[in-house]
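These notes concern the structure reproduced below.
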Amino acid sequence: MKKLEFIKYVKEICLKILEKAYINKKRFLELNDIENIKKIDEEVIPKFEKLYLYFDSISKNDIENIENFNEIEKNIEEIRESNKLTKEYILKEIEKREKMSKNSGSIAVKRLFEFEKKELNKKLFEIEKLGKPLLEKQKEYEKALADAIQQDEELKYFEKVKENGKKIDKLNNKIIKINKRLEKLNEFLAKKWYYEMYGTISKNELEKIYKDEFKMNGENNE
């Protein structure tokens, strides 16, 4: 196998293993199987994610200059076989990926992640905008409470601080939730395999098979 073709080959093997791990993790989450979830998170995903990203970033010169190429090739074949993936299957999947490069499910998923990220950033901006006057009010109420002399006046501002604080807490909880999702979306986009694993099926196939799949990444994934 030519060295440049080998890059595609390794990446496809990694994607198939990561896809299987992803599906299995989803199933284990439904079963609340903590032990197997931990195994996937600690032993499977980091290993093949790292391998995938390395070969995704490797240059033509890098691959051509690798001295122990035969040893690496042998190790990759062992990985493929141990994961019950035939060479023929991997080569066919590479061919499908190249044919569908402009109309694949991976493009749809990536765009969805990007769209969701954009919308969440808009929402975050609006929430922070709403929060500014509430924070100003809180400062005023807290000062008034500290300066209050009469008991009824003190009680009045204590209630205002309490009620306004609840509104601030509610917004803060929304911000935390949005930031957590944005962190996951940034991870999905940076690590690529979260959408590239859909690169061997068309957008239409993806819509039929994974009707609700696009929403599952941020829910139980952690």
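In my numbering, the protein residues as written are 1 to 222. Just so you know, even glycine gets a beta-carbon here, dropped at the ideal spot from N, CA and C.
Between the alpha carbons of residue i and residue j, how many angstroms are there, rounded?
i, j, result
"residue 105", "residue 202", "5 Å"
"residue 115", "residue 148", "50 Å"
"residue 119", "residue 190", "18 Å"
"residue 93", "residue 12", "7 Å"
"residue 198", "residue 26", "16 Å"
"residue 110", "residue 142", "46 Å"
"residue 125", "residue 73", "49 Å"
"residue 139", "residue 163", "13 Å"
"residue 8", "residue 24", "24 Å"
"residue 95", "residue 14", "16 Å"
"residue 159", "residue 144", "12 Å"
With DSSP as the reference, identify every bridge partner of residue i, one or two as the case may be.
i, result
"residue 106", "None, per the DSSP bridge assignment."
Could you please give the first and the last residue of the uninterrupted alpha helix (DSSP H) stretch that includes residue i?
i, result
"residue 13", "3-31"
"residue 190", "151-191"
"residue 254", "In the structure as shown, the chain begins at 1 and stops at 222. Residue 254 is therefore absent and cannot be evaluated."
"residue 89", "87-99"
Tell me the DSSP secondary structure of residue i in three-state form.
i, result
"residue 57", "helix"
"residue 82", "helix"
"residue 205", "helix"
"residue 121", "helix"
"residue 221", "Unreliable placement is indicated for residue 221, whose pLDDT of 45 sits below 50; the coordinate value is still reported in the next sentence. Of the three classes helix, strand and coil, the one that applies to residue 221 here is coil, per DSSP."
"residue 66", "coil"
"residue 195", "helix"
"residue 148", "coil"
- Message: Does the contact criterion of 3 or more C-beta pairs under 8 Å hold for the region 160-168 versus the region 120-135?
- Response: yes
- Message: Taking 8 Å as the cut-off, does the region 14-30 touch the region 182-196 (at least 3 CB pairs, one atom from each stretch)?
- Response: yes
- Three-pair Cβ contact test at 8 Å for the region 94-101 versus the region 31-46: no
- Item | Cβ contact (3+ pairs, closer than 8 Å) linking the region 140-160 and the region 86-95 | Too few Cβ pairs lie closer than 8 Å, so no.
- Cβ contact (3+ pairs, closer than 8 Å) linking the region 76-86 and the region 181-189: These segments do not touch.
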